[in-house]
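Here is the structure we will look at, set down as structure tokens.
Residue numbers (this note's numbering): 291 to 918.
This is the structure in structure tokens:
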């Protein structure tokens, strides 16, 4: 039977350049922000850098006092910033995460921005994958190409069917392809059959260049060593990598010891590691103890995270306690961490209580904190009450995330019980966050009921996040009811709720959203207009340009025009320039031309230079110097 081994490394081709200080135009989650406006965000610089002593104290206190990106940037190293953001993201909800993403998008330093956004988008994908996907798609339109594959990689690990369905519904061809590669990347590079199956569902076909590698994989069933030798002399590239992995997989299925011995003799370090991972993956599936024994013969440098994780996953599947005993023989702390992670996850899937008991008695506090989230996920689904008790017994700094996870699980089955747990908390901040978790979970199914619960809560327990959690979902099913309910509130909570409705409604039906504008005023009306303009632009640039004429003469008109021009510059530069040329004022016209030139400076630098040359002399010289 012919096996089609599809290229797995297309993700490496995704452009990793930064997207400036802006990565899109609108978060589909209901907070007022300019993250996806077509103008750069206000750059975020670090506060005064903390001393080493202050940073260590923050770490000892698990970064409890840090809540904003500016706080994170004050830490003295990128490692500390990432560690802190992991802690912050773990204890925040969906709405707060989107606010953090907005802030992180304005980080000036590219390495900082990309590394911190990666943490936040991964966490948001766990909580609300479709919103994370919406953010990533809009970021893609504005030249930040790294978020989209990350979202779909994480989503596919959580629910591959849902990720495939979402990827297939993306209209933009380039975005769809990028999302599809993210889904593929979530699958073990050694699971050929699953990759082939998923690739077909995603509409990915084998290219002409893959025929040779496919033929060699076919040959491997009869002559694996000869097929491997032929693949080794192929030109370097995806097809050779695909052939080597396919052959190694076939060979390891037939004779893993022979395949392993051959792989060890490969001189090229990268190819040797690649083939060894494939062989050990299949060997561990067939005989985990034998795979573990041969793993012990590899030097530390040869034991990659993938190899360790795979072997210990299968080893733990047979006997988790023996796997844990074996971990003590691993000299490298990094490899031990990989092995613990694989073992505890496998064990918790079948017996979460036993895994929880083991983690609770660990002396290594850092390791315990790393493993606790895995345990609580499984324990919550198997025994919510025991999970809640276990979460409360853990280190106070980690209880927030752990209790949130448990309460979220309970809320899906028994929201009243979950609300009782939330209200019983004696910590005001934790109580509010748990309430938001309950409301967020319930509002997916029954926003009216969620709104009723909020109306019965004491005023001190009602937060803007709770209001937004309700209307974010309610706006889709009954916008009139959602509007009426939010209008019964007052102050900033009312305004935030209305803005959340506008954000969500505009993404689903911009025409319907536009019909509500006469009821609105001030900043709320402006926010709705910006969201509607963005989504009109996504569907029909001409219609968007016509619609914003309703605002000519208002202060918001310039922002709306920038939004349309920015979207047009991504797909039709000629039309974008036509809109810019139609502006009577030279200052505003030049600003739009500069905006277009900035947007196309990477994709079409020659045309960008031509546009810069049309700007006033001093400004033109500055732009050319920056571009170079």
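Quick reminder that beta carbons are idealized off the backbone N, C-alpha and C, glycines included.
Listed in chain order, the alpha helix (DSSP H) elements of length 4 or more contained wholly in the stretch 713–794 are 718–735, 737–746, 754–767 and 769–777. Sorting 655, 549 and 489 by C-alpha distance to the C-alpha of residue 455 places 489 at the top. Here residue 443 is near residue 473, since their CB atoms are less than 9 Å apart. For the pair residue 731 and residue 778, the CB atoms are not nearer than the 9 Å cut-off.
Residue 768 is not a Cβ neighbour of residue 800, given a cutoff of 9 Å.
When secondary structure is reduced to three states using DSSP, residue 527 falls in the coil class, being assigned neither helix nor strand. About 6 Å separates the beta carbon of residue 465 from that of residue 427, a gap short enough to meet the 8 Å contact definition. Secondary structure of residue 539 (DSSP, three-state): helix.
Minimum Cα-Cα distance from residue 562 among the listed residues 367, 831 and 535 corresponds to 535. Sixteen is the threshold: since fewer than 16 other Cβ atoms of the shown chains lie within 10 Å of the Cβ of residue 615, the residue is exposed. Annotation: the continuous alpha helix (DSSP H) that includes residue 599 extends over 595–608. A direct Cα-to-Cα measurement between residue 780 and residue 388 gives close to 23 Å. Straight through space, the alpha carbons of residue 787 and residue 578 are spaced by roughly 54 Å.
Residues of the same chain with a CB within less than 8 Å of the CB of residue 694, apart from the 5 flanking positions on each side, are 381, 383, 723, 724 and 727 in chain order.
Scanning its chain for C-beta atoms nearer than 6 Å, with the 5 sequence neighbours on each side dropped, one finds around residue 524 the residues 530, in chain order. Leaving aside the five residues that flank residue 572 on each side, the residues in its chain whose CB is nearer than 7 Å to its CB run, in chain order, 480, 539, 542, 543 and 546. Setting aside the 5 residues that flank it on each side, residue 613 is surrounded in the same chain by 602, 605, 606 and 633, each with a C-beta closer than 7 Å to its C-beta; the list follows chain order.
If you compare the alpha carbons of 657, 853 and 714 with that of residue 628, the shortest gap goes to 657. Counting other Cβ atoms within 10 Å of its Cβ, residue 774 stays below 16 and is therefore classed as exposed. Beyond the five residues adjoining it in sequence on each side, residue 608 comes within less than 7 Å, by CB distance, of 578 in the same chain, given in chain order. Rounded to the nearest whole angstrom, the CA to CA distance from residue 712 to residue 857 is 43 Å. Residue nearest to residue 671 within the set 690, 649 and 703 is 703 (criterion: CA-CA distance). Of the candidates 521, 395 and 845, 395 places its Cα closest to the Cα of residue 406. Between residue 874 and the set 892, 896 and 843, the nearest pair of CA atoms involves 843. Residue burial annotation: residue 448 is exposed, with fewer than 16 other C-beta atoms found within 10 angstroms of its C-beta.
In the DSSP assignment, residue 376 falls within the unbroken alpha helix (DSSP H) covering 368–380. With fewer than 16 other beta carbons inside 10 angstroms of its own, residue 339 counts as exposed. Annotation for residue 819: the continuous alpha helix (DSSP H) segment containing it runs 812–829.
For the 9 Å CB-CB criterion, residue 867 and residue 901 form a contact. For residue 826, the CB contacts under 7 Å within the same chain, skipping 5 residues up- and downstream, are 800, 833, 834 and 837 in chain order. The Cβ atoms of residue 649 and residue 674 do not sit closer than 9 Å to each other.
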